[in-house]
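Engineer: In my numbering, the protein residues as written are 1 to 119.
Every residue gets a Cβ at the ideal spot worked out from N, C-alpha and C, and that includes glycine.
(1) Under a Cβ-count criterion, where at least 16 other Cβ atoms within 10 Å of its own Cβ denotes burial, should residue 58 be classed as buried or exposed?
(2) Is the CB-CB distance between residue 83 and residue 65 below 8 Å?
(3) How many whole angstroms separate the CB atoms of residue 85 and residue 68, which I take to be in contact at a CB cut-off of 8 Å?
(4) Starting from the C-beta of residue 25, find all residues in its chain whose C-beta is less than 8 Å away, skip the five residues before and the five after it, and write them out in chain order.
(5) Within the continuous alpha helix (DSSP H) that includes residue 115, where are the two ends?
(6) With three or more C-beta pairs closer than 8 Å as the rule, is the stretch 21-39 touching the stretch 107-118?
(7) Around the C-beta of residue 34, are 16 or more other C-beta atoms found within 10 angstroms, so that it is buried, or is it exposed?
(8) Going along the chain, which residues of its own chain have a beta-carbon closer than 7 Å to the beta-carbon of residue 78, five neighbours each way excluded?
(9) Which one of 9, 21, 62, 10 has the shortest CA to CA distance from residue 31?
Rendered as structure tokens:
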């Protein structure tokens, strides 16, 4: 019951955005939804593995394909490059902070899954 009313309000807001909103507002909402979704994914997938600074940076890496699609709307061929950029950024992040994690391969694999699902 506690998620029903926010779900109805979000659905109403989404319909209003589609009917009355502009193209730029739509992309802004998509980036915000992607960021919030990736933070929620990070809470589920990396429950006790991340520091608070990681909970800000990893969602930004996960939504790189959405941001790439936002800024490169003229060519659809650039979107896979954004996905590749997200993979490279995630790998560099895990390799740079290798000593903080007990299982860096698990962080990398779950982050790649989140990158594919959300991004």
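Structural biologist: Based on what the coordinates show:
(1) Here the question's residue 58 lines up with position 58 in the chain shown. It counts as buried.
(2) For the purposes of this step, residue 83 is identified with residue 83 of the chain shown, where counting begins at 1. For the purposes of this step, residue 65 is identified with residue 65 of the chain shown, where counting begins at 1. Closer than 8 Å, so yes.
(3) Position 85 of the chain shown, counted from the start, is the residue given in the question as residue 85. Position 68 of the chain shown, counted from the start, is the residue given in the question as residue 68. Their Cβ separation, rounded to whole angstroms, is 7 Å, which keeps residue 85 and residue 68 in contact under 8 Å.
(4) If you number the chain shown from 1, residue 25 lands on position 25. Excluding residues within five positions, the ones whose Cβ falls inside 8 Å are 17.
(5) Within the chain shown, residue 115 is the residue found at index 115, counting from 1. 104-118 is the span of the alpha helix (DSSP H), which, as asked, contains residue 115.
(6) yes
(7) Locating residue 34 in the chain shown gives position 34, where the first residue counts as 1. It counts as buried.
(8) The sequence position of residue 78 within the chain shown is 78, counting from 1. These residues qualify, in order along the chain: 68, 72.
(9) Indexing the chain shown from 1 puts residue 31 at position 31. Ranking the options by Cα distance to residue 31, first place goes to 62.
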